[in-house]
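Chains as they are written, first to last, in the working numbering: chain A, 187 to 366; chain B, 187 to 366. No residue lacks a Cβ here, since even glycine has one placed at the ideal position from N, Cα and C. Data first, discussion second: the structure below is written as structure tokens.
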DNA sequence: GAATTTAGTTAGATAATCTAATTGAATTAC
DNA sequence: GTAATTCAATTAGATTATCTAACTAAATTC
């Protein structure tokens with residue numbers, strides 16, 4: 187039966203062991219084995235975290251980066267001049283990329299562009315009422331999904347993890363020169 | 187001066203506080219506040235981890251997903267029949283997407299395709315010597331970059347974090363039905 | 001007032017994914 | 001033992017998120 191031969195040729199899950207084996211053969215002298223191992227796990231976990239969040243958001247027809255931008259606009263709503271340049275700067279992407287994101291969000295009426303009166307080269311970007319409605323719709327499940335990432339940790343572990351998480355995120359933000 | 191007005195319109199980094207504020211207003215009843223907060227931090231950290239790794243790998247002209255595929259092939263090198271279908275299954279993507287990845291890797295001579303003699307619909311995919319060379323080149327820095335993610339943690343924190351990391355990755359893999 | 005700088009967009013590219021259709025080979029069902 | 005079906009891989013065509021380079025219009029500098 188073809189179905190079974192398909193199962194037959196399935197690639198077995200090897201687990202982390204062969205990766206560690208490979209690591210021992212390919213690691214530079216100065217690298218700490220345990221740290222590299224944990225870093226690899228962090229990378230895998232990170233991939234998986236993004237997948238979980240993507241999956242959650244896809245039900246709302248939006249992606250993480252776009253939600254991110256909408257939240258940015260919401261949290262800077264009172265600022266009178268939020269420009270594509272400032273957004274690009276903040277998100278660490280090019281202005282041209284911001285133009286594309288804004289085109290997409292504008293088409294769905296979740297943001298609006300208005301030309302600045304002071305300097306007519308500049309554009310003020312703001313979230314619309316519909317955009318706020320979307321966010322109000324998305325966030326309850328979004329927070330629940332975020333929380334669910336920690337479901338398997340007990341109270342003690344959560345407490346320990348919190349400190350570590352803040353530290354790790356702080357140092358990586360410094361390293362990349364980013365931050366929200 | 188224009189330069190200064192650009193600085194002027196820069197969006198300030200707000201930190202996590204306004205996100206938590208927003209969370210309080212938009213969270214569903216049953217969601218645990220602290221967990222949601224930590225989940226959000228995990229998401230941010232995950233984004234940053236992928237950025238760090240991407241940056242590291244870009245020096246070698248390869249991306250995480252392609253390295254991932256090459257490692258998969260390396261670790262299954264002795265298997266006589268590694269097909270695009272099996273790869274797709276394992277990576278959780280479509281066969282068509284695997285075709286595209288393989289085209290790219292084959293063009294650079296890092297993998298080779300050979301038709302199966304037994305079933306001529308099937309293709310055996312293997313990593314080439316050049317592919318192994320690439321990996322040997324990439325891995326030393328790759329491991330160092332992985333390890334560097336934990337640079338700021340002290341010995342005690344690392345020990346605690348390891349247990350948590352294994353647990354978190356285990357549960358998220360189960361949830362997504364993936365794994366290596 | 002001419003040259004330069006700046007903001008935003010457009011054009012065109014690449015990567016990583018998808019779905020739907022196609023091709024060729026193997027299997028199944030009369 | 002052929003006809004219909006299934007299966008593996010690819011192709012065609014689309015989307016999202018990014019990039020660089022070129023362009024346009026406005027503001028600033030000299």
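Check the C-beta distance from residue 234 of chain B over to residue 362 of chain A and give it rounded, since I have them as a contact under 8 Å.
6 Å
Name the DSSP bridge partner or partners of residue 310 of chain B?
B:300
Alpha carbons only, please: which of B:253, B:304, B:248 and B:342 is nearest the one belonging to residue 166 of chain B?
In the structure as shown, chain B begins at 187 and stops at 366. Residue 166 of chain B is therefore absent and cannot be evaluated.
I'd like to know whether the C-beta of residue 319 of chain B is nearer than 9 Å to at least one C-beta of chain A.
no
Are the beta-carbon atoms of residue 271 of chain B and residue 223 of chain A separated by less than 9 Å?
no
How should residue 355 of chain B be labelled, buried or exposed, when 16 other C-beta atoms within 10 angstroms of its C-beta is the threshold for buried?
buried
Exposed unless 16 or more other CB atoms sit within 10 angstroms - verdict on residue 333 of chain B:
Buried, since its Cβ has 16 or more Cβ neighbours within 10 Å.
Residues in the segment 192-216 of chain A with C-beta within 8 Å of chain B's C-beta atoms, listed in sequence order?
192, 195, 196, 197, 199, 200, 201, 202, 204, 205, 208, 209, 212, 213, 214 and 216
C-alpha distance - residue 318 of chain A paired with residue 205 of chain A, whole-angstrom precision:
If I take the Cα positions, the gap works out to 45 Å.
Do residue 331 of chain A and residue 216 of chain B have their beta-carbon atoms positioned less than 9 Å apart in this structure?
no
Any idea what DSSP makes of residue 204 of chain B, helix, strand or coil?
helix
I need the boundaries of the alpha helix (DSSP H) containing residue 198 of chain A, first residue and last residue.
Taken as a continuous stretch (DSSP letters only), residue 198 of chain A belongs to no alpha helix (DSSP H), as it is neither H nor E.
Rounded distance between the beta-carbons of residue 250 of chain A and residue 260 of chain A, thought under 8 Å:
Not confirmed; about 15 Å, so no contact.
Quick one: residues in its chain with C-beta nearer than 8 Å to the C-beta of residue 310 of chain A, no 5 flanking neighbours on either side, listed in chain order?
266, 267, 268, 269, 299, 300, 301 and 302
Is it the case that the segment 337-347 of chain A contacts the segment 342-353 of chain B, given that we only count it when at least three CB pairs across the two stretches are under 8 Å?
yes
Status (buried if at least 16 other CB within 10 Å, exposed otherwise) for residue 276 of chain A
buried
Name the residue from A:360, A:359 and A:325 whose alpha carbon lies nearest to the alpha carbon of residue 245 of chain A.
A:325
To which residues of the same chain is residue 278 of chain B closer than 7 Å at the C-beta, ignoring the five residues directly before and after it?
Taken in chain order, the residues that qualify are 364.
Which residue spans inside the segment 237-284 of chain A form an unbroken alpha helix (DSSP H) run of at least 4?
250-261 and 270-277
So that I know if they touch, is there some Cβ in chain B lying closer than 9 Å to that of residue 312 of chain A?
no
If you measure between the beta carbons of residue 291 of chain B and residue 257 of chain B, is that distance less than 9 Å?
no
Using CA atoms only, rank isn't needed, just tell me which of B:308, B:297, B:307 and B:337 is closest to residue 321 of chain B.
B:297
Less than 9 Å between CB atoms is the rule here; does residue 301 of chain B satisfy it with respect to chain A?
Any Cβ of chain A closer than 9 Å to the Cβ of residue 301 of chain B would place that residue at the interface, and such an atom is absent.
Does chain B have any CB closer than 9 Å to the CB of residue 255 of chain A?
no
Would a check of beta-carbon distances place residue 249 of chain A closer than 9 Å to chain B?
no
Cβ neighbours of residue 312 of chain B in the same chain (closer than 8 Å, five flanking residues each side left out):
259, 263, 268, 297, 298 and 300
Output the distance between the C-alpha atoms of residue 358 of chain B and residue 240 of chain B, rounded to the nearest integer angstrom.
22 Å
Are there 16 or more other CB atoms within 10 angstroms of the CB of residue 252 of chain A, so buried, or fewer, so exposed?
buried
Report yes or no: is there a C-beta of chain B within less than 9 Å of the C-beta of residue 231 of chain A?
yes
How would you list, in chain order, the residues of chain B whose beta-carbon sits under 8 Å from the beta-carbon of residue 326 of chain A?
Going along chain B in sequence order, the residues near residue 326 of chain A (Cβ under 8 Å) are 212, 213, 214 and 217.
I'd like the list of long-range same chain contacts for residue 280 of chain B, defined as Cβ closer than 7 Å, with 5 residues on each side in sequence excluded.
274
Which same chain residues end up closer than 6 Å to residue 189 of chain B when comparing Cβ atoms and leaving out the 5 residues on each side of it in sequence?
With a pLDDT of 35 at residue 189 of chain B, under the threshold of 50, the modelled position of that residue is not reliable, and the figure given next carries that caveat. For residue 189 of chain B, where only same-chain residues beyond five positions count, there are no Cβ hits under 6 Å.
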